[in-house]
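Protein chains in written order, with my numbering: chain B, 1 to 184; chain V, 185 to 374.
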């Protein structure tokens, strides 16, 4: 009886570990970064369906991947996207502290590629890269005075090489291509 | 007994590999500067750029620079053997936003064995540029550029063998600022 209980406990722990580990490993650095932004700036991200329901014309809403201009990301695979809109982003002279908090939110598998910061305008772009076998996961955080975006995409090395020619523009290109105006 | 001998041999081989690997890594990292201590300057800077390209990323992306485009082919040539590019650039609205201690935290590293200053141009009024090479015999193991002005500070650190004659091809790519312009202008004035 006691042995059965132990076996059940081991099974339960194994199942729990199996359930929790992938979520933690995959999950979620993207969510951790979103939370880091919320905690540092005291803002709240908006869910995409809510934005879409509100009919915010012209708002960059959802990563609707299609051909044409957006083919580069479409070829790459999945895209995750979160917006913060119409909220105050003010680091109060501690912009370097925000950079550190983003770094702390990510596990060591992510390598920082480029960070551009403009303390006066509160404009910041952070690009992190993580090895994904034959491809790369790319995480882009863009902060402006009144809005912010977090994008995670999987890119083929050839696409990454093209974007890396101008790392300064890479974040903008990725975000623009992941996020598009809702045509409705 | 034989098993114990074989195990010992395997253990010794693994240890040798580990020690050898550690020695190679230490040597290769010799040209890598510690520059993260400058990060707090971002609070005062009007513009900050921080680029970190490690070896794997460099070599993966270098392969995709097409041989058809002459510029791409030249970049690919320069990148051969490069193990990393690290750049920190700060622009300030006012003078005196970074300190001598900030500069010293970089310059002190050039006093380590292997580093030699090969270029030093500029004056207090202009941007000063210092170029350092880390050499092991004839082999270039890395280079660094320290560009300082009243309102700006740039550190570029390239790890691995660099062909200085082709270095200009990297300017404007991978976040490497056009620091060579100042050197060329200075040479013209001479």
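Idealized CB from N, CA, C, for every residue including glycine.
Owing to the predicted nature of the structure, the values given are computational and were not obtained by experimental measurement.
Within-8 Å CB hit, residue i to chain V
i: residue 174 (chain B); result: no
i: residue 153 (chain B); result: no
i: residue 116 (chain B); result: yes
i: residue 237 (chain B); result: Outside the displayed span of chain B (1 to 184) sits residue 237 (chain B), for which this structure offers no information.
i: residue 94 (chain B); result: yes
i: residue 143 (chain B); result: no
i: residue 129 (chain B); result: yes
i: residue 81 (chain B); result: no
i: residue 99 (chain B); result: yes
i: residue 139 (chain B); result: no
i: residue 106 (chain B); result: no
Supposed contact pair residue j and residue i - C-beta distance, whole angstroms, cut 8 Å
i: residue 375 (chain V); j: residue 342 (chain V); result: Outside the shown range of chain V, which is 185 to 374, sits residue 375 (chain V), and nothing can be said about it.
i: residue 235 (chain V); j: residue 346 (chain V); result: Contact flag wrong, Cβ pair sits at about 16 Å.
i: residue 33 (chain B); j: residue 84 (chain B); result: Not a contact, Cβ separation roughly 12 Å.
i: residue 143 (chain B); j: residue 122 (chain B); result: 6 Å
i: residue 294 (chain V); j: residue 316 (chain V); result: 5 Å
i: residue 135 (chain B); j: residue 148 (chain B); result: The pair is not a contact, with the Cβ atoms about 26 Å apart (cut-off 8 Å).
i: residue 116 (chain B); j: residue 232 (chain V); result: 7 Å
i: residue 286 (chain V); j: residue 225 (chain V); result: 7 Å
i: residue 230 (chain V); j: residue 118 (chain B); result: 6 Å
Buried versus exposed, by CB contacts within 10 Å (16 or more), residue i
i: residue 284 (chain V); result: exposed
i: residue 296 (chain V); result: exposed
i: residue 145 (chain B); result: exposed
i: residue 240 (chain V); result: exposed
i: residue 227 (chain V); result: buried
i: residue 29 (chain B); result: buried
i: residue 113 (chain B); result: buried
i: residue 223 (chain V); result: buried
i: residue 170 (chain B); result: buried
i: residue 279 (chain V); result: exposed
i: residue 268 (chain V); result: buried
i: residue 152 (chain B); result: buried
i: residue 348 (chain V); result: exposed
i: residue 264 (chain V); result: exposed
i: residue 132 (chain B); result: exposed
Contact with chain B by residue i, beta-carbon distance below 8 Å
i: residue 289 (chain V); result: no
i: residue 336 (chain V); result: no
i: residue 215 (chain V); result: no
i: residue 328 (chain V); result: no
i: residue 285 (chain V); result: no
i: residue 185 (chain V); result: Residue placement at residue 185 (chain V) cannot be trusted, given a pLDDT of 46 that sits under 50; the coordinates are not used to answer.
i: residue 232 (chain V); result: yes
i: residue 235 (chain V); result: yes
i: residue 354 (chain V); result: no
i: residue 223 (chain V); result: yes
i: residue 226 (chain V); result: yes
i: residue 241 (chain V); result: yes
i: residue 229 (chain V); result: yes
i: residue 212 (chain V); result: Since pLDDT at residue 212 (chain V) reaches only 47, below the 50 mark, its modelled position is unreliable, and no value is offered.
i: residue 377 (chain V); result: Absent from the structure is residue 377 (chain V), since the part of chain V shown begins at 185 and ends at 374.
Inter-residue Cα distance where the pair is residue i and residue j
i: residue 219 (chain V); j: residue 338 (chain V); result: 10 Å
i: residue 303 (chain V); j: residue 311 (chain V); result: 13 Å
i: residue 124 (chain B); j: residue 344 (chain V); result: 30 Å
i: residue 272 (chain V); j: residue 281 (chain V); result: 15 Å
i: residue 126 (chain B); j: residue 238 (chain V); result: 16 Å
i: residue 89 (chain B); j: residue 336 (chain V); result: 26 Å
i: residue 120 (chain B); j: residue 323 (chain V); result: 44 Å
i: residue 108 (chain B); j: residue 37 (chain B); result: 19 Å
i: residue 197 (chain B); j: residue 81 (chain B); result: Residue 197 (chain B) is absent from the structure shown; chain B starts at 1 and stops at 184.
i: residue 276 (chain V); j: residue 216 (chain V); result: 26 Å
i: residue 150 (chain B); j: residue 92 (chain B); result: 21 Å
i: residue 54 (chain B); j: residue 86 (chain B); result: Note that residue 54 (chain B) has pLDDT 43, beneath the 50 cutoff, so the model's placement of it is unreliable and no number is given.
i: residue 51 (chain B); j: residue 313 (chain V); result: At residue 51 (chain B) the pLDDT is 48, less than 50, meaning the model places this residue with poor confidence and gives no usable figure here.
i: residue 257 (chain V); j: residue 328 (chain V); result: 24 Å
i: residue 154 (chain B); j: residue 175 (chain B); result: 13 Å
i: residue 104 (chain B); j: residue 96 (chain B); result: 12 Å
i: residue 300 (chain V); j: residue 290 (chain V); result: 14 Å
i: residue 158 (chain B); j: residue 31 (chain B); result: 27 Å
i: residue 39 (chain B); j: residue 355 (chain V); result: 38 Å
i: residue 139 (chain B); j: residue 128 (chain B); result: 5 Å
i: residue 318 (chain V); j: residue 214 (chain V); result: 8 Å
Near the ligand SAH: residue i beta-carbon under 7 Å from a heavy atom
i: residue 104 (chain B); result: Judged by which ligands are present, the structure shown has none, so any question about the ligand SAH falls away.
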